[in-house]
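Q: Please read through the structure below; I'll follow up with questions.
Residue numbers (this note's numbering): 5 to 896.
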């Protein structure tokens, strides 16, 4: 204890800154119970510096002198960073200067014990003083915690209301009846003593994604609020939809009632959704909690002949209804609750090959998504969340996977509103999957955590499904517990035993695969590995990572950011050549460096000789890999059920696994994904040289004109084909196959364009290819990579002639957005290759981020002219004017 406290004191000295009868009845038009969000005005301090107990700390007489002023939600380390106790952990190796962070680089700190001298081995106190309105008098008062990591003792006004043994579990939510302790019209003091998780707790870890915070994210990481009601509170209302083949909807409505009194009570539970109103008499025992359900077989109003369905954004409109519930006692509302719900039905089945295919409202959907990474210190940023969802939609993704990091209410609300699906579930590779070491308490915490999260999430129409395990399915007893909870709470979506192809004795085949890779593989990998391929060595249960089945997580490896992000994350002396500072910003375990990716880059494009050269080639290689992965799964639907790119984003500045980086800078991977996910995508087949059109729209595309050209490095046309095809909704049609072509240059190009019947361009793609085939060593496949024996040769692209583009730009204001229109023209007889556009804050300013580009990293053929738009927050310009910067592989 003395050593741990000494560590805190050392930093503080230098840094601290101060089913009865069913009835039809209308819901009373009155607001729900009062809600008081306890966000500002908290203070924080280590227990090493506090010599009083919670009964004293939670009184007005206690003076928190020298405590840190904080805003909740916040973890302890996040608060200390904000208060300048510690430096910015995102830059360079600053994180290594934090106490307890001297573990080996590349190891999984979250799975290791915290050092005994760490200042976070001891509990930390959160304290909040607040005044409750006089109007709260006579009401039932509830104190809610949406997330505590990991254990806590909770005190209010000198009384302990919950303790260490009962408040345990990062994914638990807590609601306490504090009517007897809270003081209406007076000053109240709340004190929470928070304990950090150990490596043997069901906590929050980042596995091999990026480093963990030194406090293991201990703290109040979600909202704390006071709520009021009458004797009975209404919680978690939801709708479960079942659709007939003719589109008629049958709605089951359910909600949780909580009796906060010591008396048995009778009342009427009323509900309304759109024009449907319904009610039933309810009896509830003293301090009882009970789920009450309305069955459409008994309530005619819950059968809708013409529902407005919720659809993912690419399939239709994500329509939402307002569900209103109230509980009345003696004709007076005790409590009301409202939530937005969607009428939709998500199902999944195993196809003839045993692969899982998802359907929404009776229509198949190819899942194309990315794995979500929260901020390393679990900091929340509302605007950033909006911006990231805008990126997801802009790329054409339809799904986000949450592996054990179950996000805030705002996250799920945005997913509902924007029509983005969410595949949620538990984490891998930590105590969540160490079932053999679980104690009786862990089984209890796991079951209650699932119950709390299912209650919280079940009303959101964006939820695609739930994974009861990640890299492994739970053992039979745990899986049966999970399935029981999900059934009891009417979870409306598919449940899958794990994200892997491992079957279980309880639920059978999962129908999915987690086969990797996660490291660099050749672009041809995704199509060379096909269903039924007989490789000398399989990667994982379910096969390898090629474009078949439903791959719950996979990736072509590192995603080194553009040069500006490297300059932002690393000091000048460590930007080039690659060194341990780069590796610190890679991953853990097998991903502790990026040498496999770099070896491939140097072999394929020529050895990089400086930072700019390396980062440019990195964008090119990442663009290639991401596009190839998504296009393989798209071209093969519904032999494929979909793919989750590992990952979507990063929780800290990283060299690996993202489609846009920590600074919200879109690079090669972003635009490779966007190219692959355009609604009408012309696709080159690396396996058979076919040219296909993938229609991701849910309407037929007739009379499409598909032009395919093969060009040498000097732009000599070696082949051209034009075909006219019809592509039905959500399908793929092969337009042509490229023949064997003599006289190709070692590096050559395939340019594809699709036009509609009116001549408008509706899809295009540009590929760079090599006459030297890439050979894949299937016999040495592992769970994370399949080596490349020989690489494609693109080194001749260094000899592309210099090109001077004609560039013009204009900007306009539209509401809160600024739109910049850029016209590019290539007046030369040479290719302008991989041209990157930026909009900066004035001529000498930084790039404006976030930004939504119509397209980027584009190539212009001789004589080609294109207009490209960029949209961004007008407020990000400040007092400057937009300045367009254009720089390509071979532009002057």
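No residue lacks a Cβ here, since even glycine has one placed at the ideal position from N, Cα and C.
Under the rule that 16 or more other beta-carbon atoms within 10 Å means buried, what is residue 302, buried or exposed?
A: With fewer than 16 other Cβ atoms within 10 Å, it is exposed.
Q: By Cβ distance below 7 Å, which residues in the same chain neighbour residue 73 in space, the five residues on each side in sequence not counted?
A: Answer for residue 73: 47, listed in chain order.
Q: Determine whether the beta carbon atoms of residue 185 and residue 165 lie at a separation below 9 Å.
A: Their beta carbons are under 9 Å apart, which means residue 185 touches residue 165 by this criterion.
Q: Which residues share a DSSP beta bridge with residue 259?
A: Partner(s): 296.
Q: Ordered along the chain, which non-local residues of its own chain (more than five positions away) have a Cβ less than 6 Å from that of residue 870?
A: 828, listed in sequence order.
Q: Mind checking who residue 329 pairs with in its DSSP beta bridge?
A: Answer is 275, 341.
Q: Would you mind stating whether residue 278 and residue 325 have Cβ atoms separated by less than 9 Å?
A: Taking 9 Å as the Cβ cut-off, residue 278 and residue 325 qualify as a contacting pair.
Q: Just the Cα atoms here: how many angstroms apart are residue 546 and residue 716?
A: So the alpha carbons of these two residues sit roughly 40 Å apart.
Q: Identify the continuous beta strand (DSSP E) that holds residue 806 and give its terminal residues.
A: Taken as a continuous stretch (DSSP letters only), residue 806 belongs to no beta strand (DSSP E), as it is neither H nor E.
Q: Please report the distance separating the alpha-carbon of residue 368 from that of residue 179.
A: Spanning the two alpha carbons is a distance of roughly 40 Å.
Q: Just mark residue 78 as buried or exposed, buried being the case when its beta carbon has 16 or more other beta carbons within 10 Å.
A: With 16 or more Cβ atoms within 10 Å of its Cβ, residue 78 is classed as buried.
Q: For the putative contact between residue 229 and residue 40, defined by C-beta atoms under 8 Å, what is the C-beta separation to the nearest angstrom?
A: Confirmed, Cβ separation roughly 6 Å.
Q: Assign residue 693 to one of three DSSP states: helix, strand, or coil.
A: Reduced to three states, the DSSP call for residue 693 is coil.
Q: Here's the rule I'm using: 16 or more other beta-carbon atoms within 10 Å means buried, otherwise exposed. How should residue 789 be labelled?
A: With 16 or more other Cβ atoms within 10 Å, it is buried.
Q: Secondary structure at residue 167, three-state DSSP: helix, strand or coil?
A: Residue 167: coil per DSSP, three-state reduction.
Q: Can a CB atom of chain D be found closer than 9 Å to the CB of residue 106?
A: In summary, chain D is missing from the structure at hand, where a single protein chain is found.
Q: Only counting runs of 4 or more residues, tell me where the alpha helix (DSSP H) segments fall wholly within the segment 532 to 581, in order along the chain.
A: Correct list: 567 to 573.
Q: Pick out the complete alpha helix (DSSP H) segments inside the segment 405 to 462, 4 residues or longer, and give them in chain order.
A: Entirely contained in the segment 405 to 462, the alpha helix (DSSP H) runs reaching 4 residues are, in chain order, 413 to 422, 444 to 461.
Q: Can you round the beta-carbon distance between residue 676 and residue 627 to whole angstroms, since I take them to be within the 8 Å contact cut?
A: The Cβ separation is near 4 Å, so the contact holds.
Q: Am I right that residue 722 and residue 745 are in contact with their C-beta atoms under 8 Å? What's the rounded C-beta distance?
A: That belief holds up - the Cβ atoms of residue 722 and residue 745 are roughly 5 Å apart, short of 8 Å.
Q: Taking only three categories from DSSP, how would you classify residue 676?
A: Three-state DSSP puts residue 676 in a helix.
Q: Where does residue 298 land, buried or exposed, given buried means 16+ other C-beta within 10 angstroms?
A: It counts as buried.
Q: Roughly how many angstroms lie between the CA atoms of residue 690 and residue 742, to the nearest whole one?
A: Whole-angstrom Cα-Cα distance: 11 Å.
Q: Using 8 Å as the threshold, is the segment 775 to 794 in touch with the segment 698 to 709, meaning 3 or more CB pairs across them?
A: These segments do not touch.
Q: Look up residue 188 in the DSSP assignment and say whether it is helix, strand or coil.
A: In this structure, residue 188 counts as strand in the three-state DSSP scheme.
Q: Output yes or no for whether 9 Å exceeds the beta carbon distance between residue 651 and residue 380.
A: No, Cβ-Cβ distance for residue 651 and residue 380 is not below 9 Å.
Q: For the beta strand (DSSP E) that contains residue 362, what are its first and last residues?
A: Unbroken beta strand (DSSP E) run through residue 362: 360 to 364.
Q: Would you check if the distance between the CB atom of residue 857 and the CB atom of residue 624 is smaller than 9 Å?
A: Result no, Cβ atoms of residue 857 and residue 624 do not sit closer than 9 Å.
Q: Just to confirm, is the Cβ distance from residue 886 to residue 844 under 9 Å?
A: Contact flag set, yes.
Q: In its own chain, which residues sit with a C-beta less than 8 Å from the C-beta of residue 64, not counting the 5 before and 5 after it?
A: Answer for residue 64: 133, 191, 193, listed in chain order.
Q: Closest to residue 244 by CA distance: which of 396, 465, 85, 143 is it?
A: Of the candidates 396, 465, 85, 143, the one whose C-alpha sits nearest the C-alpha of residue 244 is 465.
Q: Once you ignore the five residues that flank residue 235 on each side, which residues in its own chain have a CB closer than 8 Å to its CB?
A: Taken in chain order, the residues that qualify are 144, 263, 264, 265, 267, 269, 333, 338.
Q: Can you give me the C-alpha to C-alpha distance between residue 224 and residue 835, rounded to a whole angstrom?
A: For residue 224 and residue 835, the distance between alpha carbons rounds to 55 Å.
Q: Excluding five sequence neighbours on each side, which residues of the same chain lie with their C-beta closer than 7 Å to the C-beta of residue 588?
A: Excluding positions up to five away in sequence, the list reads 97, 109.
Q: Once the 5 residues before and after residue 150 are set aside, which same chain residues still bring their CB inside 7 Å of it?
A: 177, 226, 227.
Q: Counting beta carbon pairs with one atom in the segment 558 to 567 and one in the segment 656 to 664, are three or more of them shorter than 8 Å?
A: Contact holds: three or more Cβ-Cβ distances are below 8 Å.
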